[in-house]
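Chains as they are written, first to last, in the working numbering: chain A, 7 to 343; chain B, 11 to 386.
C-beta: ideal position from N, C-alpha, C; glycine also.
These numbers were taken from a predicted model, which means no experiment stands behind them.
Everything below concerns the one structure shown next.
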Amino acid sequence: MTQKSEMPGLTVGLVGAGGISPAHAAAWKAVGAAMRVYSLEGADRFADTHGATRVDSFDELIATSDLICVITPTPSHAALVERALRAGKDVVCEKPLARTTDDARHLVGVAAETGRRLFPAHVVRWFPQYAAAQQTVAAGGLGDLAVLRFTRAVPYPFDRGWYSDPVQSGGITMDLMIHDLDEALWMAGPVATVYAQRRTASEPHPTETAHVVLTHTSGAISHCRGLWTVPKAPFWYTFSVSGTTGQLRYDSRDEVGYTLTTSPDDPPRPSPSTVALAGDPYSAEIADFVRAWRTGEPAKVSAEDGLVAVALAEAAELSAETGAPVDFPTFLKGSQA
Amino acid sequence: MTQTQQQTTRQADEQESTSMQGDHTDQRRLKVAVMSFAHPHAAGYVHLLQQAGVDVLACDPDRVSSADHEVRGADLAAQLGVAHVDTYEELFAWAPDAVVICSENTRHRQDTELAAAHGVHVLCEKPLAVTAADARAMIDACERAGVLLMTAYPVHFSPAVTAAKQAIAEGTLGQLIGAVGTNNGYCPVGARRWFLNPEWSGGGALVDHTVHVAELLDWLTGDRPASVHAVKNQIMHADLDGVLCETGGLVTITYEQGLVATIDCSWSVPKGAPTWGGVTLELAGTNGVLEINPFAQRVGGWDGNAGGRDFWLPYGANLDDGLLRTFIDAVQARRAGEAVEWPSPDGHVGLRTAQIVEAAQVSARKHRVVQISELA
């Protein structure tokens, strides 16, 4: 990327080498960073595949890196981030910032106390379609926002270790919908109340859905729908943003930049993904974090945003359990937590 | 859906001119009266009834809910080429077999009760009523009188809905867990002002645009609503004179068998958009996801003469025609002495959808979830 020449000697210390790690590896490479990796599993494979240097402890990783990037399973985020911050390192942390609001709030406090930067990796803010929408919203292109809708659907995370365990991952709202909660927050601002319903059933295929309705302090209202659907379903996402002077609509399935029709005798060939056609959002995200880290300027997402996103997901879980709307400012402060 | 329905009505006229005449056993032509021109659909209904080969009489007795520019009464009747009388007394003296009620929402109950008292079958514009109690009273009146009560939900007659009904009945989706519906549209400020005044409309977008999708969910799933949560605002169109109601709303419904559905009922299609809006419904189950968009069919393009506004040329089935055909067929069958049930969408789904709206209004006002069982 353009920053490459401005980044002599940047060494990033990646902790974790799981499902998300190839996306991060490509993004860190794109900014010219040298990579070190520490992971309980998969470190050798990651090091070989991506040209990273494997280290044997988290302490060693901290000691030998300029910046720490936490891409481990969700339940371990809080402890690793805190250790890195307290050791004087700035930290990029894959979303969600922490498994619980209490932990996320604590991390924001530790970052403030230690004077370190903390960048929660809400990558959807760098998906170009969302970025274009938010830019238009922020420039007043829709007037005052009134009604927002977001949907996101992926196959049910069946048999995928910690990710399939709602206690560890936080489930569909914390792991999947958190992107859309963050988008609603980004576009329409602070949230006043959260109402949620969640449904799951298993025959013939395990599926789960969550519906979350936010009222923003501006008066705008947002609906987020997460869906873990049948196996082999495509990954798709949509949004609609309406304001006093206009409406934006987007559906990833409408993006037909590549269509191949062949004889039925030919083997099916996968089409390039939306992400592949539009440009890599992870690279844009990491480039923005590195820019912010170098200059001291804000990144597109703040540590506080990461905390609020976790709290929105947890407030939604609380509402789904109790069946009643949750007063969000109170929840965020912690008296309900 | 005013504009599109009227457009498609006009488009389909020529093709449909004789298809509803049927094989009457009774020699006398069916007589259908249109009560009120308050609802803009009245014009399209008059047209389709005329094409259906029934005798049509209209009565638009007052224009108290109208702005000065709105064409009503004998003037509109003359434009439509339909006979008009000034009072409902005269209308019922004509001895119609059936009426199509197009009055303001808050008058649906009194008009339905009047028709039932005259032993006349009723097709009532949606929403059937502005409270569950009114809807129940209308059902009771029609049951006592032995007349049909049908609610005008034209989207029910979309071929996409018919296909969805079959797919779901065959178990294609497995167990349903979630649904997202939208019925977004223009702020109905142009054709009829009363939509924006709760005294006549019973409320804003929550009333106007929740019920179409709620009826589809009722029909497609067979499930019954248990609780409703709704939020609303009046941010869009707040600068328009005479907007006394919500223009944005999100209604979340839980159903007895476990489905959760959210309906975006907002009047969020900006003035200047190339089409009035639309209806969409996505249903997610344990075996797949189904999406229907009954208004998807259109030819698009850019109009260089109109400052860059898109072309939007809708085509496809005339939904109002399916609605009226079903009603007329049932009325004919009754007249022939057949024991026909109330055709779908009937007064009972009109009640269930009215319950959802009333619960949504209470929920949005009180900021809490409302159980359907709480309603009077």
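Which class does residue i belong to by DSSP, given the choice of helix, strand or coil?
{"i": "F321 (chain B)", "result": "strand"}
{"i": "L334 (chain B)", "result": "helix"}
{"i": "G312 (chain A)", "result": "helix"}
{"i": "Q174 (chain A)", "result": "helix"}
{"i": "Y44 (chain A)", "result": "strand"}
{"i": "Q381 (chain B)", "result": "strand"}
{"i": "M160 (chain B)", "result": "strand"}
{"i": "K281 (chain B)", "result": "coil"}
{"i": "H34 (chain B)", "result": "Confidence is the limiting factor: at H34 (chain B) the pLDDT is only 45, short of 50, which leaves the residue's position unreliable, though a coordinate-based value still follows. If DSSP states are grouped into helix, strand and coil, H34 (chain B) belongs with coil."}
{"i": "H222 (chain A)", "result": "strand"}
{"i": "S63 (chain A)", "result": "coil"}
{"i": "E135 (chain B)", "result": "strand"}
{"i": "F52 (chain A)", "result": "helix"}
{"i": "S258 (chain A)", "result": "helix"}
{"i": "L140 (chain B)", "result": "Sequence inspection shows Val at residue 140 (chain B); the Leu mentioned does not correspond to that position. The answer is coil: DSSP assigns V140 (chain B) none of H, G, I, E or B."}
{"i": "H217 (chain A)", "result": "strand"}
Quick one: is residue i buried, meaning 16 or more other Cβ sit within 10 Å of its Cβ, or exposed?
{"i": "D121 (chain B)", "result": "buried"}
{"i": "W210 (chain B)", "result": "buried"}
{"i": "A386 (chain B)", "result": "exposed"}
{"i": "T223 (chain A)", "result": "exposed"}
{"i": "N194 (chain B)", "result": "buried"}
{"i": "V262 (chain A)", "result": "exposed"}
{"i": "D359 (chain A)", "result": "Past the boundaries of the shown model lies residue 359 (chain A); chain A is included only from 7 to 343, so the question cannot be answered."}
{"i": "Y264 (chain A)", "result": "exposed"}
{"i": "D33 (chain B)", "result": "At D33 (chain B), the pLDDT of 47 sits below 50, so the modelled position is not reliable and the matter cannot be decided from this model."}
{"i": "A151 (chain B)", "result": "buried"}
{"i": "Q89 (chain B)", "result": "exposed"}
{"i": "F321 (chain B)", "result": "exposed"}
{"i": "S248 (chain A)", "result": "buried"}
{"i": "T213 (chain A)", "result": "buried"}
{"i": "P134 (chain A)", "result": "exposed"}
{"i": "F164 (chain A)", "result": "exposed"}
{"i": "N328 (chain B)", "result": "buried"}
{"i": "L334 (chain B)", "result": "buried"}
{"i": "D260 (chain A)", "result": "exposed"}
{"i": "T336 (chain A)", "result": "exposed"}
{"i": "L283 (chain A)", "result": "exposed"}
Using 8 angstroms as the threshold, is the C-beta distance between residue i and residue j below it?
{"i": "A226 (chain A)", "j": "A202 (chain A)", "result": "no"}
{"i": "V18 (chain A)", "j": "A39 (chain A)", "result": "yes"}
{"i": "I77 (chain A)", "j": "V160 (chain A)", "result": "no"}
{"i": "L40 (chain B)", "j": "Q244 (chain B)", "result": "no"}
{"i": "V43 (chain A)", "j": "A58 (chain A)", "result": "yes"}
{"i": "P366 (chain B)", "j": "T272 (chain B)", "result": "Correcting the residue identity first, residue 366 (chain B) is Ile in this sequence and not Pro. Not a contact, by the Cβ cut-off of 8 angstroms."}
{"i": "E100 (chain B)", "j": "C69 (chain B)", "result": "yes"}
{"i": "Q307 (chain B)", "j": "P324 (chain B)", "result": "yes"}
{"i": "Y256 (chain A)", "j": "A29 (chain A)", "result": "no"}
{"i": "V219 (chain A)", "j": "M183 (chain A)", "result": "no"}
{"i": "T251 (chain A)", "j": "P71 (chain B)", "result": "no"}
{"i": "L216 (chain B)", "j": "C275 (chain B)", "result": "yes"}
{"i": "G312 (chain A)", "j": "P126 (chain A)", "result": "yes"}
{"i": "V64 (chain B)", "j": "V42 (chain B)", "result": "yes"}
{"i": "A408 (chain B)", "j": "L230 (chain B)", "result": "A query on residue 408 (chain B) cannot be resolved here, the shown segment of chain B reaching from 11 to 386 and no further."}
{"i": "V197 (chain A)", "j": "S278 (chain B)", "result": "no"}
{"i": "A142 (chain B)", "j": "A364 (chain B)", "result": "yes"}
{"i": "I68 (chain A)", "j": "A90 (chain A)", "result": "yes"}
{"i": "P81 (chain A)", "j": "R105 (chain A)", "result": "yes"}
Bridge partners of residue i, per DSSP?
{"i": "Q253 (chain A)", "result": "A:S248"}
{"i": "L45 (chain B)", "result": "This sequence places Met at residue 45 (chain B); Leu is not what is there. DSSP lists B:C69 and B:I111 as partners of M45 (chain B)."}
{"i": "N194 (chain B)", "result": "B:G288"}
Apart from the five residues on each side of it in sequence, which residues of its chain come closer than 6 angstroms, Cβ to Cβ, to residue i?
{"i": "H128 (chain A)", "result": "K101, D188 and V307"}
{"i": "T296 (chain B)", "result": "G184 and Q185"}
{"i": "D72 (chain A)", "result": "L16 and T17"}
{"i": "P355 (chain B)", "result": "T161, Y163, H166 and E225"}
{"i": "T35 (chain B)", "result": "Note that T35 (chain B) scores 48 on pLDDT, short of 50, meaning its location in the model is unreliable and no value can be drawn from it."}
{"i": "G332 (chain B)", "result": "F167"}
{"i": "H211 (chain A)", "result": "V236"}
{"i": "H239 (chain B)", "result": "T262, S373 and V379"}
{"i": "A170 (chain B)", "result": "I302 and P304"}
{"i": "A340 (chain B)", "result": "L158, V350 and P353"}
{"i": "V253 (chain B)", "result": "L206 and H247"}
{"i": "S383 (chain B)", "result": "none"}
What residues in its chain sit with their C-beta under 7 angstroms from that of residue i, if we drop five residues either side in the sequence?
{"i": "Q267 (chain B)", "result": "D233"}
Given 7 angstroms as the limit, tell me if residue i has its C-beta closer than that to any heavy atom belonging to the ligand NAP.
{"i": "G285 (chain A)", "result": "In terms of ligand content, the structure shown is empty, and the ligand NAP therefore cannot be addressed."}
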